[in-house]
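Enquirer: For the sequence shown, the working numbering begins at 857 and goes up steadily by one.
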Amino acid sequence: GPGGARANTGLLFPGAPSPAPPRGRPAVGGAHDWTPPTVAMTDPGTPLSGTVTVAATASDARSAVASVDIQRAPNGSSTWTTICTDNVAPYSCSWVTTGVTDGTYQLRAVATDTAGYSATSTSVTTTVVNSATVTLTPVDGVVRGSVPLSLTVTGNAGATVTNRFEYAVADASPQTWTTIPGCGNATGTTRSCTWVTSGAETYDVRAVAVIGSQTFYDTETDVLVDNLVPTAALTVPAGTLRGTVDLTATATDADSGVETVSFEYKLSTAGTWSVCGVADDDPFSCALNTTPLTNGGSYNFRAVVTDVAGNVTTTATQTRTVDNSAPSVSISSPTNGSTIAGTVTITAAGNAVQGINNVRIEARAGTTGTFAVVCTDNVAPYTCTYNTTTVPNGTYQIQAVLTPTSGAAVTSAVVTVTVDNTPLKAQDVQTTNVTTANRPAVGDRVVLTYSSVVNLASIKAGWTGASTPVTLTFKDKNVTGAAISGYDRMEMTGANLGQVAFVQNFVPANRTVVVNGSTMTATTATVGGVQVTVVTITLGTPASSLSTASTNGAMRWTPSTAATSLAGLACSSAIATETGTNDRDF
């Protein structure tokens, strides 16, 4: 009938209600759908990341659901974007959240039935977080006791953050992470807590942030925990002290290493200690001039050893009597165990309350036999020149004999030296820092100076001194193959240059770090009127990070005996010690 025709015509306009049949006439034909579907958006939870499933429920009492559109819009926006359309229940699809900017979003579902009616669900709110970061405030490379830790989380788009701090033994396989006591799970984008350390071990430390199903990390590697005190022993000369005496100590620390040894003394009745000197390089020693001290006084002596981590050991106190009323004499230069060559100056220090007539310097080959007079001096400082080129290379002993104006002569302790007049030897090693202070880095230079001109082809075949590649490897003191045990070193492979040992701990424990792209050049220079070869090594880029030095000290270069002079004489293996004030080199 006419009413039915009008109803069918209404279906041509989806979403508009069809007209009702005329009053008083019954409707003719099948039942019609005059109502929209029902639809509800399923809450996917928050926060979301990666690819997630979004879903809705929809139904229609009269006809059937034709399709469901799932849409998104930034929170507060009226611009909706369709994520997907599904026409088969259950209505769901995958939403790749990495395709949108992190933030808060509204989600809704729009259902359309087969009659063309549509309905829109109530929106639900969720947060997308894909690019958050957690930052751990840098931790010192060597720590002890209570260590402050802090973290900051950014990019969480307002989502709840659960954070914590963890540690694990470095280089362990497999590596097991443990929550730091007192630094367990808490909420917030900033966090500070204290890591109470014990013992000695190298750890990796990390900050952890959990946002929804995502976990973010920031790790500080190779943090050396050292809560163990160094070991130390003090040696004070036996008997009554007079003149200048050497205080010596042995100090070791297997973990962070010895930083300083402070030699201290005081009158036994005094409360305040005085410092003789602070040594930062082995052998640890201090020359104490006792002549200003109270004659006949009883003095206490001790050594205070501090490691790099700050742990302190104080040796047992030793007591001696200082009495400078008796004459005394000692050799102050050269030092015991040193290597000398050419013409050197021998210096003695003498003391006699009654006055000094003269000081005689004597030397002998080996450790037995008769001492021969080198010179006699009657004016302080007591010195003489010793031309070592007139004697064979070898071991010699030097002593000083003081004759007072009254009384018997006294003889110093002997100083043992090595005379080495080999024509070619290592003379000096220096470094030049170019980039990062106190740490080997790209562009830094190591300068090796020989005592005379070198046949460059003996260092590297065919080499003329022009810039040429050289392989550098920094190795920790615990890695085998060191020419000088107990120190980090730089090895020069493919060139007969030997090794350079460092007091500084540049290399993490038990590690080897290759420095890629390093080069070397050679020039001839005049030093002290003598022509010498100077080899300059320019560092490339370390394959992994080297540590920043915290200890002053002198480098020691052990040259290769494969290098020869122009006359073909092999280079001496004698070690060259860096001249100048102790520093952190790189």
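Ideal Cβ placement from N, Cα and C applies to all residues, glycine included.
Everything numeric in this text was worked out from a predicted model, so none of it was measured.
Distance check for residue 1017 and residue 1038, CA to CA, integer angstroms please.
Expert: Whole-angstrom Cα-Cα distance: 18 Å.
Enquirer: What do you get for residue 1409, buried or exposed, if any count of 16 or more other CB atoms within 10 angstroms of its CB means buried?
Expert: Label assigned to residue 1409: buried.
Enquirer: Residue 1425: buried (16+ other C-beta within 10 angstroms of its C-beta) or exposed?
Expert: Exposed, by the Cβ-count rule.
Enquirer: Using C-beta distances below 6 Å, list every residue in its chain close to residue 1213, excluding the 5 sequence neighbours before and after it, in chain order.
Expert: Here the set comprises 1259, 1261.
Enquirer: Given this structure, state the Cα-to-Cα distance separating residue 1338 from residue 1287, to the nearest angstrom.
Expert: Taking the straight line joining both Cα atoms gives about 20 Å.
Enquirer: Using C-beta distances below 8 Å, list every residue in its chain close to residue 985, excluding the 5 sequence neighbours before and after it, in chain order.
Expert: For residue 985, where only same-chain residues beyond five positions count, the Cβ hits under 8 Å are 903, 904, 905, 958, 1011, 1012, 1013, 1015, 1067, 1068, 1070.
Enquirer: Just to confirm before moving on: does the CB-CB distance between residue 1185 and residue 1266 stay below 8 Å?
Expert: Yes, they are a contact pair.
Enquirer: Do the CB positions of residue 1330 and residue 1411 come within less than 8 Å of each other?
Expert: Going by C-beta atoms, residue 1330 is not nearer than 8 Å to residue 1411.
Enquirer: With distances taken between CB atoms, is the gap from residue 1059 to residue 1024 smaller than 8 Å?
Expert: It is a contact, given that the beta carbons lie within the stated cut-off.
Enquirer: Pop quiz: residue 967 and residue 921 are said to be a contact at Cβ under 8 Å. What is the actual Cβ separation, rounded to whole angstroms?
Expert: At roughly 6 Å, the Cβ-Cβ gap stays under 8 Å, so residue 967 and residue 921 are in contact.
Enquirer: Going residue by residue through the stretch 909–943, where are the continuous beta strand (DSSP E) segments of at least 3 residues, counting only ones entirely within it?
Expert: Fully enclosed beta strand (DSSP E) runs of 3 or longer: 921–930, 937–942.
Enquirer: Would DSSP call residue 1396 helix, strand or coil?
Expert: Here residue 1396 sits in coil by DSSP.
Enquirer: Per DSSP, residue 1064 is paired with what?
Expert: 1020, 1073.
Enquirer: For residue 1449, does the count of other Cβ atoms within 10 angstroms reach 16, so buried, or fall short, so exposed?
Expert: With the chain represented from 857 up to 1442, any question about residue 1449 goes unanswered, as that position is not in the structure.
Enquirer: Sort 1373, 1136, 1127, 911 by Cα distance to residue 1119 and report the nearest one.
Expert: The candidate whose alpha carbon is nearest that of residue 1119 is 1136.
Enquirer: Pull up the CB-CB distance for residue 1082 and residue 1165, whole angstroms please, since I reckon it's below 8 Å.
Expert: Contact flag correct, Cβ pair sits at about 4 Å.
Enquirer: Taking the alpha-carbon of residue 1077 as reference, which of 1314, 1123, 992 has the nearest alpha-carbon?
Expert: Cα-wise, what sits closest to residue 1077 is 992.
Enquirer: Is it buried or exposed, residue 943, if we count other Cβ atoms within 10 angstroms and call 16 or more buried?
Expert: With fewer than 16 other Cβ atoms within 10 Å, it is exposed.
Enquirer: Check the Cβ-Cβ distances between residue 1323 and every residue of chain D, and say whether any is below 8 Å.
Expert: Looking for chain D here will not work: only one protein chain is present.
Enquirer: Is DSSP giving residue 1147 helix, strand or coil here?
Expert: Coil at residue 1147, not helix or strand.
Enquirer: What does residue 1295 pair with, by DSSP beta-bridge criteria?
Expert: Answer is none; residue 1295 lacks a bridge partner.
Enquirer: Name the two residues that bound the continuous alpha helix (DSSP H) containing residue 1315.
Expert: Where residue 1315 is concerned, the enclosing alpha helix (DSSP H) stretches over 1312–1315.
Enquirer: Helix, strand or coil for residue 955? Go by DSSP, reduced to three states.
Expert: Reduced to three states, the DSSP call for residue 955 is helix.
Enquirer: Count the other CB atoms, across all protein chains shown, that sit within 10 Å of the CB of residue 1183; report buried if there are 16 or more and exposed otherwise.
Expert: By the neighbour-count rule (16 or more Cβ atoms within 10 Å), residue 1183 is buried.
Enquirer: What does DSSP give as the partner residues of residue 1241 in its beta bridges?
Expert: Residue 1241 is bridged to 1201.
Enquirer: Who does residue 1156 pair with in a DSSP beta bridge?
Expert: Per DSSP, 1122, 1175.
Enquirer: Specify, as a first and last residue, the run of the beta strand (DSSP E) that residue 1187 falls within.
Expert: 1184–1189 is the extent of the beta strand (DSSP E) around residue 1187.
Enquirer: Sorted by chain position, which residues of the same chain lie with C-beta nearer than 6 Å to residue 1257's C-beta, five sequence neighbours on each side aside?
Expert: For residue 1257, where only same-chain residues beyond five positions count, the Cβ hits under 6 Å are 1216, 1265, 1267.
Enquirer: Specify the secondary structure class of residue 1329 as computed by DSSP and reduced to three states.
Expert: Three-state result, residue 1329: strand.
Enquirer: According to DSSP, is residue 1246 helix, strand or coil?
Expert: Helix at residue 1246.
Enquirer: If contacts are defined as beta-carbon pairs under 8 Å, then residue 1112 and residue 998 qualify, I think. What distance do you get, rounded to the angstrom?
Expert: The pair is a contact, with the Cβ atoms about 5 Å apart (cut-off 8 Å).
Enquirer: Determine the extent of the beta strand (DSSP E) in which residue 1133 is found, giving its start and end residues.
Expert: Counting along the chain, the beta strand (DSSP E) containing residue 1133 begins and ends at 1130–1135.
Enquirer: What does the alpha-carbon distance come out to for the pair residue 1420 and residue 1225?
Expert: Going by the C-alpha atoms only, they are around 35 Å apart.
Enquirer: What separation, rounded to the nearest whole angstrom, lies between the Cα atoms of residue 1324 and residue 1371?
Expert: Each residue's alpha carbon lies about 15 Å from the other.
Enquirer: Do residue 1273 and residue 1340 have their CB atoms nearer than 8 Å?
Expert: Not a contact, by the Cβ cut-off of 8 Å.
Enquirer: Can you tell me the Cβ-Cβ gap for residue 1376 and residue 1351, rounded? I've got them flagged as a contact below 8 Å.
Expert: Sure, about 6 Å apart at Cβ, within 8 Å.
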